[in-house]
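The next block holds one structure in the form of structure tokens; read it before the comments.
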Amino acid sequence: MNLDYSAEYLSFQEEVRGFLAREWPLKAEEAQLPREDQASLFRLRATKQGYLYRGIPVRYGGSEQAADPLKARIISQEFSRVGAPRELERNGAGRLVPTLLQWGSDWQKEHFVPPAIRGEHIWCQGYSEPGAGSDLASLRTRAELVGDQWVINGQKIWTTRAHLADHMFMLVRTEPDKPGREGLSYLLVPMKQPGIEVRRLRQVTGDASFNEVFFTDAKAPADWIVGERGQGWEVSRTTLKFERDQMGGPEQGLDLFRKIVGLAKRTTRNGVRAIEDPEVRQWLVALEGHVMSSYWSGQYQFSLGAKGESAGVLDYTGKFLTMHVIGLEAARIAQELIGDDALLLAQVTGAKAPLGNERWVNHNLGSLAANMGGGTSNIQRNIIAERGLGLPRDA
Amino acid sequence: MNLDYSAEYLSFQEEVRGFLAREWPLKAEEAQLPREDQASLFRLRATKQGYLYRGIPVRYGGSEQAADPLKARIISQEFSRVGAPRELERNGAGRLVPTLLQWGSDWQKEHFVPPAIRGEHIWCQGYSEPGAGSDLASLRTRAELVGDQWVINGQKIWTTRAHLADHMFMLVRTEPDKPGREGLSYLLVPMKQPGIEVRRLRQVTGDASFNEVFFTDAKAPADWIVGERGQGWEVSRTTLKFERDQMGGPEQGLDLFRKIVGLAKRTTRNGVRAIEDPEVRQWLVALEGHVMSSYWSGQYQFSLGAKGESAGVLDYTGKFLTMHVIGLEAARIAQELIGDDALLLAQVTGAKAPLGNERWVNHNLGSLAANMGGGTSNIQRNIIAERGLGLPRDA
Amino acid sequence: MDFDLSDTQKALYSSVRRFFETEAPPSRLLKIYDRDEGLDRDLWRKSADLGLAGLIVPEEHGGAGLELLDLAVVTDAMGYCAAPGPLLGHALVGMALSLGGSEEQKARWLPRLASGEVVASLAISEHGERWQPDQWTAVATAGRLTASKKNVLFAADADLFLVGLAGGGLALVEQGAPGLTVREVDGIDRTRRLGALGFVDTPCELLPEGLAVAERIRDAALVLLAADAYGGAHRSVELMTNYANERVQFGRTIGHFQGVKHQIADAAAEVEPARQLVWYAAYTFDHRPDEAPRLAALAKAHLTDRYVNTTRTMVLLHGGIGYTWEFHCQFWLKRAMFDRTFLGSPSVHRERAAAMADWQIN
Amino acid sequence: MDFDLSDTQKALYSSVRRFFETEAPPSRLLKIYDRDEGLDRDLWRKSADLGLAGLIVPEEHGGAGLELLDLAVVTDAMGYCAAPGPLLGHALVGMALSLGGSEEQKARWLPRLASGEVVASLAISEHGERWQPDQWTAVATAGRLTASKKNVLFAADADLFLVGLAGGGLALVEQGAPGLTVREVDGIDRTRRLGALGFVDTPCELLPEGLAVAERIRDAALVLLAADAYGGAHRSVELMTNYANERVQFGRTIGHFQGVKHQIADAAAEVEPARQLVWYAAYTFDHRPDEAPRLAALAKAHLTDRYVNTTRTMVLLHGGIGYTWEFHCQFWLKRAMFDRTFLGSPSVHRERAAAMADWQIN
């Protein structure tokens, strides 16, 4: 066990720091560009330098570096330290791209990967349906190959950013005579067409980042299928895995913990600063026990990953601990700390994000939403029990 | 809503108080009798007065009074106030007797009820088996009618007081060709015979109140079956209902709460009396919320019962709340309060019952045992969900 | 000796529940959540016609002269429906006037409160978590008040405010009085709108009775919040049960899954017996005043915690749909958050209950 | 940069686990629980032959010269097996001598401690929950000690005691010294026997270094208790999983029931990631001493709470059999209760961790 970097990596760290000192923030007139353009420009340079999109071939816009988790980690830490733009993590670059690199045709990779990692295409993910939340095998939206086009009919729900997206990657039923998962295919679909209607769904916070998407004879070219017909379930697992990895990381718990501590310093309880209240201190340190466990087990998983080893049940518990133990307990503590600010509703949309304690009301509500992104907590428990511990699957 | 007694009941209360003032404790040379004999003598007099065994016909040794829950309650409260012996609540008087009154033959009632309520026969209950804890339908101990005798082979477990008992009432499989519950009969069996071997099972407290009972060609007379052949399941429900009513009553929670408060007064935490510690006070009042809910919903159930009405889901939640919410939380708080006395093991058997704080270690262990008497907490949850709320039965 | 509601109380519960189920179903609640309508005067008038506005106003002043337990039963039914409206504050102002007003004040205001013609509200909360009578700091001098109050129910719509003063004094201020400004805030529970009041040299009229009345009002309010919380938590258990019996996943209704079943059973076991704690707290308010302050604190702390837990479980169990603005879960989820916070959080009242306990003394 | 055990440490873990699985299986533990045998000298000798007694004793004094992390790995494996014996106190006395003993004391004692020839134990706890160095009150005057200590591991069997003194001083007392009386008590966890010591004018020998060493010993002890707790909690998750895969109820293994499954999953999610918290706490002890006291407190509080929760769930999930003396559940259930209480409860260490936090300062 050694938490220090070796000389090779210390020198790589220096190199990255040097690059960042030169390149971020942008200088002179470049600094006058709109924020998004600055980020794009910087990403291009960082990719050229071999710091971003390291797993993606150069011909698809990546930097094609040998896999080196330690270097990746140093880059991530150093970029984060100075607030430099990192890889896009949205549906396109974060979820579709790894899937295409594994399953896509050459044409698909050439056509879709570069604009996705540059953020030029916005992608949304069409998995959930009203009748099938956690149970993807029972999806009913169907696609039929008519001539050289897929014709799609049905409905998707909980589709983040569908109202902004250019494309969707989706699971559709293409083989009606095959049961459950075997009848599904993984399809890419252009969103801006007459056959697609997007309706926004508001959340309990009043914010609207989800959508329902209705398909009525919507079209997609025949060769926009990823993998074979009936292979959709398998293809989608790549994406789901990336999704799971993205949510509930160990740093997330640490960040949240620091914010809660900050809140306890600013608020009052029983006439003293909340952070001096004996009960609050017990709660905070009890929470910190989970947070530090999550963080250091994350570091362990990272070290194993770097050696190509599996972390066993930890591969399944991490997200559950972060979202369902730490997230819920943090929400509870925050609600205790903010006193009668808990009577306020925070309006979060865009720039109107609240600055007062009422933002913790939204956090409190948001801790419930942890359900939707990656399956409900009960599904997570099943996964821990079945895949992590080898208990039998539900009948 | 009225929590006062009407004039009729106030006068009944006076009558009971007068009786107790005269009759308990025993006077003169009667006061020199062994404690158990004093109790028996007093019970006889109280039964004659119509205060005990009110639901049991005079010819079987009861006092045969008209059902009056309010009077029963007054008797219970007044007897309890002066520490006078009440009805025996053990397997015989508490469980077998109501079952026999409903299902038994005249001969069985005459023969078994009087000695049971006088405490002359000690009964044990033979339900659980090693392979079938909560799942009585899968019992395997069998009895075969050979001539005028049942011949019993098999094994029972978790049998309280089997090492002391004269008789057992048990569920045995008499109809091997019928499935599950339909093959069971309810049998009375004499314990002191060569075909029965009792092995004591110690609990984690070191105490041994449970047993395993082995049957090898054990015998019972043919007419010691209660109800018909194959009706055992139905007959046993009477007993189970009484068992459930006996465990986890609302006063139990109140008693426990008072003891925990007493403990918090005697112990120290963070340099002050524990009862002055802000965190302990929060725990205690939070626990009291459940305790008072349990107590007053018990009073409500009592009032409904007196009117012959059902309390719906409350009929199923009471015991769960007392044993699995209140019991476990009280155990947790006690463990916090006793500090390093938690390192001690209390020896509880008989008169060696511990007087120091280490008795709470046994309470802490005992809160886990709540499982065994009336089914595990998960079974209780199923019952609440299925019978109380109408959710579907497990497949 | 009978610890049960009377037939009249049971009928009252049913009729109030039916009334709000009809007049304010979830579709109506969604409209209220969507549009900043303020007080629904039509609904208020109808509920006043039902007798709710004057339920505990003495009969000689035009009310029904009932007890807190009756009002708690009504509040339980309203909690079940997440019923919108200003009844909580309104009824408490009526109680304060009945208990502590001068004969002239009673004669002037109570009949109009009982009929619902005048809508009243309590203005007691101050900045810095000051909810309790012994914490109030507002001072009235020579019939003039300069102060500010927050968390006032339906501040923009009420006609009459009862304002808490330092030392537990109470004063009446009419809407539109000189120097009175009202600022509405966007509260978490839109069925119970909130606003802040500013008073600058505003004329006010003191009630002859002070602290003792203020404490009674506080205790009554705590019991009513507990009653609302029970009603809502009970409804949440029902909603979960119904959903579990309808929603199909993996080929069967999710009520078949033990995980779901046990979550609902745990909620029911915590919530259902607590209704009788509310009843007993109301009963002590009406008949055993020595026990009442402690029971009120205990009930408010216990029930509102149960309510928050239960509504959170409800949302989790519903998955995505339960988290949408359009679906009905949010009405109870947010009402629970309101009930828990309004008039002081559970931990505040637990510490109060501890301080009042007999184990405190001996 | 590699946050993982070394291959040597992994091998150490496996061999220690295998050793105790073979030498002290549940059937052997039951015998220890049943008969008051005191220290099992045969087992002790064998484990000393394995090198455990001298693991962190410097090589020049006959030990293996390893770090606390290595000892924590051993303790993890021993927690997994609920291994009986005095290693905890013994190893800490060796550490104290290494860190704070005179050259003469080291030369005299360390080789015999490392070989296991001498069994050592810590005598630090005093009446009134005084576990921490700054709470000790025992005073030695002119090499003579009159005091009493409780909760001493294997008090009747140890040959050498390290006694905590007021101000954090440390003194050696030999078994059989004049004025020393030993009283055994019946502890909850019979794999780690306890006794009380009385000293009346008993000769003792001070260590030159005081408080700083005492605090290091305390931190090491906390980390080791946390490691034991992880090992035991991990085993408990395994035992539950195995039982759920074997026990048949209602026609299938109970692992099919979601209720059971989710209880085990919840336990695993809390327990498994906490192993790395133990590692990090040990790592800071070895390499980042500024962070070590806080991490030790945090780890002890967190792990022992997890351990108690998990073993209770384990017993509940086993039903009746889990509650019997004969079945193996009790070894871990009681060990958890021991680990939680010994050297101070989680709430004590949480408050210490809070007091040491950087949020305390700024």
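Residue numbers (the numbering used here), protein chains in the order written: chain A, 5 to 399; chain G, 5 to 399; chain V, 712 to 1073; chain S, 712 to 1073.
For every residue, glycine included, the Cβ atom is placed at its ideal position computed from N, Cα and C.
Examine chain S for any beta-carbon lying closer than 8 Å to the beta-carbon of residue i, and answer yes or no.
i	result
residue 107/A	no
residue 356/G	Unreliable placement is indicated for residue 356/G, whose pLDDT of 45 sits below 50; no coordinate value is reported for it.
residue 332/A	no
residue 395/A	yes
residue 365/G	yes
residue 385/A	yes
Under 8 Å between beta-carbons, which chain B residues line up against residue i? List them in chain order, please.
i	result
residue 283/G	In the displayed structure, chain B is absent; the protein chains listed are A, G, V and S.
Please decide whether residue i counts as near chain G, where near means a Cβ-Cβ distance under 8 Å.
i	result
residue 857/S	no
residue 725/S	no
residue 739/S	no
Name the chain S residues whose beta carbon is nearer than 7 Å to that of residue i?
i	result
residue 34/A	Those do not exist, as residue 34/A stays about 34 Å from chain S at its closest Cβ, beyond 7 Å.
residue 973/V	970
residue 388/A	976, 979 and 980
Could you tell me whether any Cβ in chain V is nearer than 8 Å to the Cβ of residue i?
i	result
residue 382/A	yes
residue 966/S	no
residue 237/A	no
residue 392/G	yes
One question on the structure: do residue i and residue j come within less than 8 Å of each other, judged by their Cβ atoms?
i	j	result
residue 20/G	residue 93/G	no
residue 933/S	residue 5/A	no
residue 337/G	residue 257/G	no
residue 60/A	residue 105/A	yes
residue 348/G	residue 898/S	yes
residue 917/S	residue 887/S	no
residue 943/V	residue 991/V	no
residue 120/A	residue 97/A	yes
residue 1005/V	residue 1048/V	no
residue 735/S	residue 797/S	no
Under three-state DSSP, which class holds residue i?
i	result
residue 769/V	coil
residue 203/G	strand
residue 915/S	coil
residue 240/A	helix
residue 719/V	helix
residue 857/V	strand
Please tell me whether residue i has its Cβ less than 8 Å away from any Cβ of chain A.
i	result
residue 865/V	no
Which bits of chain G does residue i rub up against, with CB to CB less than 7 Å?
i	result
residue 909/S	Correct list: empty, because the minimum Cβ distance to chain G is about 17 Å.
residue 896/S	348
If the cut is a Cβ gap below 8 Å, which residues of chain V does residue i touch?
i	result
residue 276/G	By Cβ distance, chain V contributes nothing, its closest Cβ being about 14 Å from residue 276/G, past 8 Å.
Who are the neighbours of residue i on chain G, taking C-beta pairs under 8 Å?
i	result
residue 780/V	5
In chain S, what lies closer than 9 Å to residue i by C-beta?
i	result
residue 322/A	980 and 984
residue 186/G	The premise fails here: residue 186/G is roughly 16 Å from chain S at the closest Cβ pair, so nothing lies under 9 Å.
Flag residue i as yes when its Cβ comes closer than 7 Å to any non-hydrogen atom of the ligand FMN, and as no otherwise.
i	result
residue 973/V	With respect to the ligand FMN, the structure offers nothing, as it holds no ligand at all.
Identify the contact partners of residue i in chain A, using a Cβ-Cβ distance below 8 Å as the criterion.
i	result
residue 775/S	Within 8 Å Cβ-Cβ: nothing; residue 775/S doesn't reach chain A, min ~17 Å.
Can you name the residues of chain V whose CB is closer than 7 Å to the CB of residue i?
i	result
residue 317/G	979 and 983
**Message:** My parser needs the alpha helix (DSSP H) runs of 4 or more residues fully inside the segment 16-85 of chain A; what are they?
**Reply:** Complete alpha helix (DSSP H) runs here, min 4: 39-52.
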